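The opening residue of the sequence shown carries number 0 in numbering that gives the first Met the number 0; numbering runs sequentially from there.
Beta carbons are placed, not taken as given, at the ideal position from N, Cα and C, and that holds for glycine.
As the structure is a computational prediction, the values presented were derived from the model and not from experiment.
Report on the following structure.
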Amino acid sequence: MSAAPPPNASLNPLAGLPKIPSLDNTFGSFLIATFLGMLMYGLTIYQSYKYFRLFRDDAFVLKLIVVSTLLLETFHIILCMHVCYYYLVTSYFNPLALLDGVWSIRILPLATGLVVLVSESFFTRRVYLIGSHFRWVVAIVPILMLAILGFATAATVEAYLWPTFADFERFAWTTSAGFGLAALVDSLLTGTLILVLHKSRTGMRR
């Protein structure tokens, strides 16, 4: 004698499907961050457009930094959109897909490290042009930026060696270390530029 089906089975056709875990604090957060990143990407495109219209006579190095930053940001936002589409649309009814990292999320750390390396090189150049008083900052920052790129590369390599999210905990510290160094570089460069601007005040009032 076969067992009777659950009383709500005939009313809910999805009752027999495996339960999909909540994604609010994982890919939901990633989706919101991607939306915000797309807003910032739009500002990046606008600023690049204005730059090439207003500063056509700038040095080739500056133009190369702007173009490289724009291309890397484009690649970065495409990776983020692919991650969202893969997990939230393509694999919506495939909970097992949530266990493995798709190719785009595996190379995301390296893409982020390259964006940081290129964008911070612009501010490093600005500090170098200020004068010899802050050359020690210029000497330290490239070393830190190479370390950031090293941690980002290591995280990407480890993501391919250990493809499941459960294994990501093995090398999560590399990503955290990279972001920590990026914050340190930002603080050094920003603090230096603020200090120079503060000392350059003329004291004139409106």
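Item, Value
"Exposure of Tyr-86, with buried meaning 16 or more beta-carbon neighbours within 10 Å", "buried"
"Exposure label - Met-0; buried when at least 16 CB within 10 Å", "A caution first: Met-0 carries a pLDDT of 47, below 50, which makes its placement in the model too unreliable to give a value."
"Counterpart residues of Asp-99 in DSSP-defined beta bridges", "Thr-163"
"Tyr-85 Cβ short of 7 Å to the ligand FAD heavy atom set", "For the structure depicted, the ligand FAD is absent and the ligand set is empty, with no information on it obtainable."
"Secondary structure of Thr-123, DSSP reduced to three states", "helix"
"Three-state secondary structure assigned by DSSP to Ala-158", "helix"
"Proximity of Thr-152 and Val-140 at Cβ, strictly below 8 Å", "no"
"Validate contact between the region 55-65 and the region 89-108 using beta carbons, cut 8 Å, 3 pairs", "no"
"CB contact flag (Val-117, Leu-143, <8 Å)", "no"
"Integer Cβ distance of Ala-154 from Phe-164, believed to fall under 8 Å", "Incorrect: roughly 13 Å between the Cβ atoms, too far for contact."
"Residues of its chain near Leu-30, where Cβ-Cβ distance is below 8 Å and the 5 sequence neighbours each way are ignored", "Cys-83 and Leu-87"
"Candidates Ser-21, Leu-196 and Phe-178, of which the one nearest Phe-92 by Cα", "Ser-21"
"C-alpha gap between Trp-102 and Asp-166, whole angstroms", "15 Å"
"Of the listed residues Ser-47, Gly-112 and Ile-106, nearest to Pro-162 (C-alpha basis)", "Ile-106"
"Ser-120 vs Ile-64 beta-carbon contact at 8 Å", "yes"
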